[in-house]
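Position in the sequence shown (first residue = 1) + 228 = the working numbering. We put the beta carbon where it would ideally sit given N, CA and C, even for glycine.
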Amino acid sequence: MNWDRYIKDYQSYLRIERGLSKNTIENYGFDIERLCLFLEQNKIEVSPVKISDETLQQFIYSVAKEVNPRSQARIISGLKSFFNYLIFEDYRNDNPLELIESPKTGRKLPDTLSVEEIDALIAAIDLSSNEGERNRAILETLYGCGLRVSELTTLKISDLYFDEGFIKITGKGNKERFVPIGKLTKKYIEIYKDEVRPNLIIKKGFEDTLFLNRRGNQLTRAMIFTIIKDLAVRVGLHKNISPHTLRHSFATHLLENGADLRSIQLMLGHESITTTEIYVHLDRSFLKEVMHTFHPRK
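Take a look at the structure:
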């Protein structure tokens, strides 16, 4: 029933009006396409303007059998956003998901690595190859600056303000921020940039991109995941880690060493301090230490 036009208009709204990233917009689109597939499989012909809450409830029941509560909650949230958009554009008068509650998921704390575990990962890199020097610079940058993997893959040479001690990051919604860079991270980036990268035949359009593959193209997010997973296997690290684990470890270690949440929020590029609180878990020993150090009744 011509859902495509509504989906395309909605995605344009997310990009232009709300300034969301390409990845976020694609994820919203996947949720709606999943609903469309359900309608097709069950031979339900209805437009987004006419679909009822009963039909959507059936869809949610079917989703609940296939995905975990966290994914289910994300799908419900994405669809609620879509129907709110239809109300905003006067296509509908109501949101058929308004009375459908998301499952309670609790707060899932991402895995974090100790400084020793991060050192072990970096020490396991084979530095006899050009890719090894690049991979060391990549891990040092992810952990040293707390970057998202998409921010790392799009980092440009012209974004490096080493004399000032910062790098410029383009984050979600094309929002820019400046992140401090430490001496060690700077050192390994310079080794890669000055000694390895000049030996590559760089493809047109990537002349300013910092981290490249051996063919002179921008690295993919999947490649960064693979590099980190392979290193974890090499050192026998039995944790479910990803590039985001290094970002979370960056924030956690800053907090444990006395940094305030507001500073961490700015470095991570979070719009809301609430998001930072989700990333930065506090163990009880640290909370006790904070109370005994700073409370007047210690």
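Suppose you measure from the CA of Ser305 to the CA of Arg262; what does that come to, to the nearest Å? In the sequence shown, counting from the first residue as 1, residue 305 sits at position 77. In the sequence shown, counting from the first residue as 1, residue 262 sits at position 34. Looking at the two C-alpha atoms, the distance is approximately 14 Å.
Following the continuous beta strand (DSSP E) through Pro408, name the residue where it begins and the one where it ends. Your numbering for residue 408 matches position 180 in the sequence shown. Counting along the chain, the beta strand (DSSP E) containing Pro408 begins and ends at Glu404 to Pro408.
Measure the C-alpha to C-alpha separation of Thr382 and Gly401 and round it to an integer number of angstroms. Working through the sequence shown from its first residue, we reach residue 382 at position 154. Working through the sequence shown from its first residue, we reach residue 401 at position 173. Roughly 14 Å between the two C-alpha positions.
Do the stretch 370 to 378 and the stretch 474 to 483 meet, that is, are 3 or more Cβ pairs less than 8 Å apart? yes
Unbroken beta strand (DSSP E) run spanning Phe394, endpoints: Working through the sequence shown from its first residue, we reach residue 394 at position 166. Looking at the DSSP string, the run of the beta strand (DSSP E) that includes Phe394 is Phe394 to Thr398.
Residues that DSSP places opposite Gln446 in a beta bridge: As a working note, residue 446 is residue 218 in the sequence shown. Paired residue(s): Leu440.
So for Tyr319, helix, strand or coil by DSSP? Your numbering for residue 319 matches position 91 in the sequence shown. Residue state, collapsed to three classes: coil.
Hey, could you find the ends of the alpha helix (DSSP H) Pro276 is sitting in? As a first step, residue 276 is located in the sequence shown; it is residue number 48 there, counting from the start. Note, Pro276: premise wrong, no alpha helix (DSSP H); not H, not E.
Leu483 in three-state terms, based on DSSP: As a first step, residue 483 is located in the sequence shown; it is residue number 255 there, counting from the start. Helix, per DSSP.
Cβ neighbours of Arg243 in the same chain (closer than 7 Å, five flanking residues each side left out): In the sequence shown, counting from the first residue as 1, residue 243 sits at position 15. Cβ neighbours of Arg243 beyond the five flanking positions: Ile253.
Would Leu489 pass as a contact of Thr504 if the rule is Cβ separation under 8 Å? As a position in the sequence shown, residue 489 is number 261, starting the count at 1. As a position in the sequence shown, residue 504 is number 276, starting the count at 1. Yes, the Cβ-Cβ distance between Leu489 and Thr504 is below 8 Å.
Residue nearest to Ile385 in terms of C-alpha spacing, selected from Gly393, Lys421 and Arg462: Counting from one through the sequence shown, the residue named residue 385 turns up at place 157. Measuring from the Cα of Ile385, the nearest candidate turns out to be Lys421.
Within 10 Å of its beta-carbon, does Thr521 have 16 or more other beta-carbons around it, so buried, or fewer, so exposed? Walking along the sequence shown from the start, residue 521 turns up at place 293. Exposed is the call here.
N- and C-terminal bounds of the alpha helix (DSSP H) containing Ala365: Locating residue 365 in the sequence shown gives position 137, where the first residue counts as 1. First-last of the alpha helix (DSSP H) with Ala365: Asn358 to Cys373.
Checking the sheet assignment: what are the DSSP bridge partners for Lys384? Numbered from its first residue, the sequence shown carries residue 384 at position 156. Answer is Thr437, bridged to Lys384.
What are the start and end residues of the alpha helix (DSSP H) that includes Asp259? Taking the sequence shown and counting its residues from 1, one reaches residue 259 at position 31. Its alpha helix (DSSP H) spans residues Lys250 to Gln269.
Work out the CA separation of Arg405 and Phe316 for me, nearest whole Å. Position 88 of the sequence shown, counting from 1, holds the residue named residue 316. Position 177 of the sequence shown, counting from 1, holds the residue named residue 405. Between Phe316 and Arg405, the C-alpha separation is close to 31 Å.
Nearest residue (CA-CA) to Cys264, options Arg233, Lys293, Val461 and Asp354: Walking along the sequence shown from the start, residue 264 turns up at place 36. Measuring from the Cα of Cys264, the nearest candidate turns out to be Arg233.
Near His445, what residues of its chain come up, given a Cβ to Cβ distance below 8 Å and the 5 sequence neighbours on each side ignored? Taking the sequence shown and counting its residues from 1, the one referred to as residue 445 is at position 217. For the sequence presented, residue 445 should be read as Asn rather than His. Closer than 8 Å at Cβ, skipping near neighbours: Lys431 and Phe434.
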